[in-house]
Amino acid sequence: MISFHPTQLQLIEFVEGNCTPAMALVISAHTDMCPLCQKHINVIEARIAESAIESDVSECDFGNMLSEITLLPAADGFSIPREDQTIELDGRQFKLPRALRKYVNKTGNFSHLLGNLWQAPVDLGPMGKANFIYMQKNGRVPEHTHKGTELTLVIDGEFSDGISNYDTGDFILMDNTNVHAPYSEASEGCLVFSIVDAPLHFTSGVARLLNPFSHLFF
Ligand SMILES: [Zn+2]
Numbered sequence: 001m002i003s004f005h006p007t008q009l010q011l012i013e014f015v016e017g018n019c020t021p022a023m024a025l026v027i028s029a030h031t032d033m034c035p036l037c038q039k040h041i042n043v044i045e046a047r048i049a050e051s052a053i054e055s056d057v058s059e060c061d062f063g064n065m066l067s068e069i070t071l072l073p074a075a076d077g078f079s080i081p082r083e084d085q086t087i088e089l090d091g092r093q094f095k096l097p098r099a100l101r102k103y104v105n106k107t108g109n110f111s112h113l114l115g116n117l118w119q120a121p122v123d124l125g126p127m128g129k130a131n132f133i134y135m136q137k138n139g140r141v142p143e144h145t146h147k148g149t150e151l152t153l154v155i156d157g158e159f160s161d162g163i164s165n166y167d168t169g170d171f172i173l174m175d176n177t178n179v180h181a182p183y184s185e186a187s188e189g190c191l192v193f194s195i196v197d198a199p200l201h202f203t204s205g206v207a208r209l210l211n212p213f214s215h216l217f218f
């Protein structure tokens, strides 16, 4: 069950187009998986549309605008090829939320990192560094904090990080005030999609030796 959602303010900024492209992508993908946030967004959109109509009603030829919209050609025959809806690791298919499907062909192969972790880079252009990260059972990312922000969406499975337990669809925003060590004990493991805007910083014990390699996670 989804327990972690964007805040109301983050949803409003998303609807208004006032959040970063990375935040917009992760909120959009979360919303594909979360009926509750879909409902919130519908309410926010309706409220914004209402106040826009109220303030612009004298200047805006609403009837004309509507007829122009309805004259637009319908997009027929448009469908996403089946292979674009999933990514594969080790013979397992993971279904992606709609917002992430356009990045399937920008996703590199999974490579094996330390500690039962797999990582596939996603080329988002200037939006930030994104990866699909798969934690096999008992897979563990060493304890770290963040020099910037880390946005994570749980695509499939469950994981914990010493702060909370997360399930499929959960939306997680971490920054330099959070120290955590994600791991999965689920037999099916856990696939997440993650965007960071600066390298991780490993904080504990031997993992600190990883800091020169933190670009591996970036
Ligand atoms: Zn939600």
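When we follow the UniProt record's numbering, the leftmost residue of the sequence shown carries the number 1, and every step to the right adds one. Where a beta carbon is used, it is the ideal one built from N, C-alpha and C, also for glycine. It should be emphasised that the depicted structure is a prediction, and the values quoted were computed from it without experimental measurement.
Residue range of the alpha helix (DSSP H) that includes residue i
i: Ala-99; result: 98-101
i: Met-23; result: 21-33
Buried versus exposed, by CB contacts within 10 Å (16 or more), residue i
i: Asn-42; result: exposed
i: Glu-83; result: In this prediction, Glu-83 scores a pLDDT of 47, lower than 50, which makes its location untrustworthy; no coordinate-derived value is stated.
i: Pro-97; result: buried
i: Ser-184; result: buried
i: Gly-91; result: exposed
i: Pro-81; result: Legend: pLDDT at Pro-81 = 49, less than 50; position of this residue unreliable, value from coordinates given subsequently. Counting Cβ neighbours within 10 Å, Pro-81 comes out exposed, since fewer than 16 surround it.
i: residue 272; result: Outside the shown range of the chain (1 to 218) lies residue 272, about which nothing can therefore be said.
i: Pro-6; result: buried
i: Lys-129; result: buried
Limits of the beta strand (DSSP E) - the one that residue i falls within
i: Gln-8; result: Not the beta strand (DSSP E): Gln-8 falls in the alpha helix (DSSP H), residues 8-16.
i: Pro-121; result: 117-123
i: Thr-152; result: 150-157
Distance between beta carbons of residue j and residue i, contact taken as under 8 Å
i: Leu-117; j: Val-154; result: Leu-117 to Val-154, Cβ: 15 Å. No contact.
i: Ile-195; j: Leu-151; result: 5 Å
i: Ala-181; j: Asp-161; result: 6 Å
i: Ala-99; j: Ala-29; result: 4 Å
i: Pro-121; j: Gly-108; result: 5 Å
i: Glu-143; j: Ser-204; result: 4 Å
Bridge partner(s) assigned by DSSP for residue i
i: Val-196; result: Lys-129 and Glu-150
i: Ile-87; result: Phe-94
i: Cys-190; result: Met-135 and Gly-157
i: Asn-178; result: Answer is none; Asn-178 lacks a bridge partner.
i: His-201; result: Thr-145
i: Phe-171; result: Leu-153
i: Arg-47; result: DSSP output for Arg-47 lists no bridge partner at all.
i: Ser-111; result: Gln-119
i: Asn-165; result: Ser-160
i: Ser-3; result: Ser-3 is not bridged to any residue.
Residue i Cβ short of 6 Å to ligand 3 heavy atom set
i: Cys-37; result: The model depicted lacks ligand 3 and carries ligand 1 instead.
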